[in-house]
Each structure stands twice: as structure tokens, then as C-alpha cells.
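Quick notes on the structure that follows.
Printed below as a string of C-alpha cells:
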């Protein structure tokens, strides 16, 4: 039969007029048998579904096609039921899941793929949950059923790891442990306990998060404590030690959430109490209160993913508890009082051909005035310019950039995954945002300078075990070296070896 024209009936607004015209033009004058007409209906169905009408159907009603005029009827099946199917041991409460379902899937007569996707993504945002949906024909003509399968991970999980990411003043070798307690009461809550121990440092952190409502809003809170003593010869002789407390409470909320885009907004208030002492007495006793607004996102595509973030912080520093500390600050850096800080980050992971991946990352900080040391950015360390030690080039204003090329080696499956990489890091700092009247103790006394490094990485993973090693070589001079020519760790070397091993359970 030669098709001369197509007529659309039923729920024709599932397609635009232009889309319907293009379909007519694609078949006009063509000879189609019954199988060809059925394939045409399938093509129309797929077109409607790709536009988000997951339950759209196109079919051929009874008709006379001898004149070449073909009618295609469009309909959108009504969802008669949304079932929650628990797979294995699932702790999350039924009312939590039903609340999300009712928020996004309440209008079942015109449910779209985007609405179903939104519900699934919100459920998946609950810690430990993995959900997926399937659609099948309903019990009545023109209806469908949606089944949402719910799986949940274990209540208790954790990691132990060792690394040499510590500072020279408290010991480079560190032992770490992290415990997570996920959804013990069934409301989507999660609790974490972390400990870091080195030769001269003990750090502990308790964190908690829980959903608020059904729109993806989360409460986040954390308390951390550390105590330290300086293990260097100079630090031991002076009896340098200290402790710190930090409390953070905040909220996060998704603005956009779909398969390719995530954008979230957040706000947090942080309070710090920081004390430093010596054998001669207290050096300072600081109180710091900050408020931060943040915006962050992820954009996924076939080539990889782009992540970004922006944080705006305003804070107030109080040094009044130790008069000598306040007086020295007033005569020098003048950090006491209010300050503003902006932090930004951008990262792109790009898949290349034949198991190659390119990572590009840049992050930076701007400050309105000279900052207290815990608010500064530092170039050195395993997450910065990797040819320089932890804490090198601490500053009020700075930026760090990284380019890293990685290759997944083809190894037997039993060996796990083995990845090699090469990197180039660079960083810029402005030590003091307001350098007027401040004399630097470095060899060059430069307030602004850059550091560079290049190196290699090896990353091995197998099941729940991973080992990483990185070697970074500093390129060029360090304008921020001490007067005796050493880096912040008291050494003159330009080579750093970074090692870590993780075990998850």
C-alpha cells in the first residue's frame, strides 16, 4: 500500500505540529505493508517517550487504508498503581518513601518520565538507598503499573587507612579510621565518627545528617576536636601545643536534579575555639564565627563530568582572651574583626580514547583582609602543588591548578584495576591580603609568588582495598623558603613521595 497521508487522533498534543508534519513527510509516497505500519506506530511511540511522556503509546485503530490515508491514535496510559518493592533488608520507613512518591507522582493521570526520574533521584539521595523502576501493563485497558525496587546497603560501614599526608610539625605518618551508621531509625539519617592520629596530633569528628521534608533538603551538622604538640626540635624546646573545637550546622537543598545536572544551594554556620600555648604560657585563645553560602553543581555528559562550586563566607575573629595576642595582632597583621572570603573550584574529568582520562582542576580563594591561619589556603601537600610539603605557601589569597593524564592498564581481572598517571601542578599565592606594615620572615620577603611541580602517580584497587603512590618534583625555586633556605618542613628537598592505603568494610 502506498501511503499518501497520515492523520493523528487522540492525545495529539504529545507531539508538536512540526513533529507531526515531519512524520507525514517521512512516509508520504512510500509503500508500507502491515509490518511497516506497525513499525511506524512504534516510531511515533518512541518519539513521544523521548520527550518525557514515558507512558505514551501510538497504535493503529481499525480503519480502511485502501486510499493510502493512515490514522495513528496517540494516547497516554494512566498509571493505576505505584508499588514499592523492598529487596532484601530495607530499613527506610514506608512513610518516607511514600512522601517522596506523593510529592512527585501524585497526578497519575499525566505522569511523565521527568516526574518519575525526579522521584527516583530523590529516593536515591537518601544515604545507602539504591532504587530503580520498571513499567508494565496495568490490570485495566489503557493503564500501566510502576514498580519501584528498593535496596539498602548495610547499616554499619567504614574505612581504615594510613598515609603520610601529615605536617612536619605534628608528624607526617597518619592513621585514620571512619565509621558510618546509615539509616538506623529509618528516616534517612546518617552518622559518622572519624579519628586521625599522628605522632603529635589527635583529631576526632562526629557528623550527622538527615532529610527535612520530601524535596531533598538535608540538615548537616558536625563537631570536631583536635589536640596537638609540635614534634620538631624547635617545637619541643619551646613546648608548643594547642587544641581546637569546631561546630558546624547547615542546610543543603537541590535546585536542579536530573540524570545529567545537579545544582545545590547550601548555608552553614561555623564556630571555632582555637588555643595555642607554649612552655612560657598561652600564646592565643581565639574565637571565630563564620557564615557561608554555597552553590555547587555537577554536569554529566557522554565524555565525562564537570563539577564546580562557589562559597561566600563572612566571619568575625575575636582575640581578646589573651591581651598579648590581641596587641601583637593590632601592631601587625590586624586579623581581628570582620572579614570576607570567596572560594571557587572547577573540575573536568574527560574520557579519552583507549582507557585514557584527562583531569583538569582549578581552585582558588580571595580574602578581603589578612586572615587567621585556619582560614588560609596552602599550596603544598598531596591535594595541591604536589612537589612541595604540607603547609607550604599558606596565604590569604591563592589559586591552584592541576592537569593530570591517567591511563587504565589492561591487566588480568583478578589483579584488580591499575592506573598510571602524570601531572603538572601550579599555584599562586598572595601571602597577606593587606601587606602594608607587615614584614615577612622568608628569604625573599616576596608577598606574591608561584610554585610549580610535576610528577607521576600509581593507583591500584581490588575489591575493598586500594593503594596509591605519588611522586612530585618541585620545579624552580621556592620564593617562600625560610631565611636558612629550607621549606616549611625544615628541609631543602624538592621531591615529595605521597603514599596511602585504604581498606573499606
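Numbering (UniProt numbering), first residue to last: 1 to 505.
We put the beta carbon where it would ideally sit given N, CA and C, even for glycine.
- Here DSSP, grouped into helix, strand and coil, assigns residue 116 to helix.
- If you look at residue 399, you'll find it in the beta strand (DSSP E) that goes 397-408.
- From the listed residues 263, 371, 40, 355, the smallest Cα separation to residue 338 is found for 371.
- With a threshold of 16 other beta carbon atoms within 10 Å, residue 375 meets it and is buried.
- The C-beta distance from residue 360 to residue 403 rounds to 6 Å, short enough to fall under 8 Å.
- DSSP lists no beta-bridge partner residue for residue 53.
- A distance below 8 Å separates the beta carbons of residue 317 and residue 288.
- In the three-state reduction of the DSSP assignment, residue 487 falls in the coil class.
- By the CB criterion at 8 Å, residue 444 and residue 479 fall inside the cutoff.
- Judged by beta-carbon spacing, residue 313 lies within the 8 Å limit of residue 341, meaning their Cβ atoms are closer than that value.
- Per DSSP, residue 341 lies in no alpha helix (DSSP H) segment; the continuous beta strand (DSSP E) that holds it begins and ends at 337-351.
- Excluding residues up to 5 positions away in sequence, 257 lie with their Cβ nearer than 6 Å to the Cβ of residue 121 in the same chain.
- The segment 79-95 makes no contact with the segment 35-53; the number of CB pairs closer than 8 Å stays below 3.
- By the Cβ-count criterion, residue 25 is exposed, with fewer than 16 other Cβ atoms from all chains shown falling within 10 Å of its own Cβ.
- In this structure, DSSP gives residue 39 a helical state, which the three-state scheme calls helix.
- For a cut-off of 8 Å, the C-beta gap from residue 325 to residue 262 is around 43 Å, too long to register as a contact.
- Here the segment 168-178 makes no contact with the segment 102-121; the two share fewer than three CB pairs at distances below 8 Å.
- Beyond the five residues adjoining it in sequence on each side, residue 295 comes within less than 6 Å, by CB distance, of 265, 310 in the same chain, given in chain order.
- Counting every other CB atom within 10 Å of its CB across the protein chains shown gives residue 414 a total below 16, marking it as exposed.
- Beta-bridge analysis with DSSP links residue 375 to no other residue.
- Contact between residue 150 and residue 131 is confirmed by a C-beta separation of about 6 Å, below the 8 Å threshold.
- Scanning 384, 397, 357 for the CA closest to the CA of residue 367 turns up 397.
- Between the C-alpha atoms of residue 64 and residue 71 there is a straight-line separation of about 9 Å.
- Taking the CA atoms as reference points, residue 38 sits about 16 Å from residue 66.
- For residue 356, the number of other beta carbons within 10 angstroms of its own is below 16, and it is reported as exposed.
- For residue 225, the enclosing beta strand (DSSP E) stretches over residues 217-229.
- In this structure, DSSP gives residue 327 a helical state, which the three-state scheme calls helix.
- Taken atom to atom, the span from the alpha-carbon of residue 236 to that of residue 485 is near 22 Å.
- Taking a cut-off of 8 Å for Cβ pairs, the segment 270-278 and the segment 239-249 touch, as three or more such pairs fall below it.
- Taking C-beta atoms as the reference points, residue 92 and residue 152 count as a pair closer than 8 Å.
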